[in-house]
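Below: the structure, in structure tokens.
Number of protein chains: 2
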Amino acid sequence: MNFRVEINVMTKKEILDPQGKAVKLGLTNVGINAIKDVRIGKHIVLDLEADNEEDAKQKAEISCKKLLANLIMEDYHYTISTL
Amino acid sequence: MNFRVEINVMTKKEILDPQGKAVKLGLTNVGINAIKDVRIGKHIVLDLEADNEEDAKQKAEISCKKLLANLIMEDYHYTISTL
Numbered sequence: 844m845n846f847r848v849e850i851n852v853m854t855k856k857e858i859l860d861p862q863g864k865a866v867k868l869g870l871t872n873v874g875i876n877a878i879k880d881v882r883i884g885k886h887i888v889l890d891l892e893a894d895n896e897e898d899a900k901q902k903a904e905i906s907c908k909k910l911l912a913n914l915i916m917e918d919y920h921y922t923i924s925t926l
Numbered sequence: 844m845n846f847r848v849e850i851n852v853m854t855k856k857e858i859l860d861p862q863g864k865a866v867k868l869g870l871t872n873v874g875i876n877a878i879k880d881v882r883i884g885k886h887i888v889l890d891l892e893a894d895n896e897e898d899a900k901q902k903a904e905i906s907c908k909k910l911l912a913n914l915i916m917e918d919y920h921y922t923i924s925t926l
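Those protein sequence lines, which keep their order, are chains F and G. Just so we're aligned: the first sequence equals residues 844 to 926 in my numbering. Just so we're aligned: the second sequence equals residues 844 to 926 in my numbering.
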């Protein structure tokens, strides 16, 4: 079966996000003043083949832990759907 | 009211994603072979103040169109939730 795993990798809350700060300033400059906070991370879409959802979940976990996220500085969340 | 807008900005399907290709190769190298496709984009979390959900949606639209997404090369999707 084919699954789509959508992963969000974000820096942990305790860690400063200078890219987010820059975007917040940029939004103020284009006239949007109501922004309180901006954080920017990665959105990764994996299309993969797996026997079942449990298998897909396992592959997603390994991918995040081994390659996609730096667990010291980043958190990840993902959702799995069938294709 | 405070809202959280979660925006995903991805390059359009027709456009090559070299970063995704590199990650696909990287995943193969760490032993995950079932990956068919990888695409990488940005995940942006905006915390903002708005009168109501309609107002928040409008602010999110303006933010995406004016600053966050390059509409020639990228698509965006967002979800809005209350904080």
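Glycine is no exception: its CB is placed at the ideal position from the N, C-alpha and C atoms.
Endpoints, the beta strand (DSSP E) within which residue i is located
i                      : result
residue 890 of chain G : 878 to 892
residue 853 of chain G : 845 to 854
residue 860 of chain G : Element bounds for residue 860 of chain G: n/a, residue is neither H nor E.
residue 875 of chain F : Here residue 875 of chain F belongs to no beta strand (DSSP E), and DSSP marks it neither H nor E.
residue 923 of chain G : 917 to 925
Residue from the options whose Cα sits closest to the Cα of residue i
i                      : options                       : result
residue 865 of chain F : F/878, F/924 and F/887        : F/878
residue 870 of chain G : F/876, F/890 and F/873        : F/890
residue 924 of chain G : G/899, G/857, G/885 and G/912 : G/899
residue 881 of chain F : F/858, F/902 and F/887        : F/858
residue 860 of chain G : G/884, G/848 and G/845        : G/884
residue 908 of chain F : G/873, G/854 and G/848        : G/873
residue 917 of chain F : F/855, F/844 and F/868        : F/855
Where the alpha helix (DSSP H) containing residue i begins and where it ends
i                      : result
residue 904 of chain G : 896 to 906
Simplified DSSP assignment, three categories, for residue i
i                      : result
residue 866 of chain G : helix
residue 910 of chain F : helix
Closer than 9 Å between beta carbons: that is the criterion. Which residues of the segment 862 to 874 of chain F meet it against chain A? Among the chains of the structure shown, chain A does not appear; the protein chains present are F and G.
Short-range partners of chain F found in the segment 882 to 898 of chain G, where Cβ spacing is below 8 Å: 882, 883, 884, 885, 886, 887, 888, 889, 890, 891, 892 and 893
Name, going along the chain, the residues of the segment 903 to 918 of chain F whose beta-carbon falls closer than 8 Å to a beta-carbon of chain G. 905, 906, 909, 910 and 911
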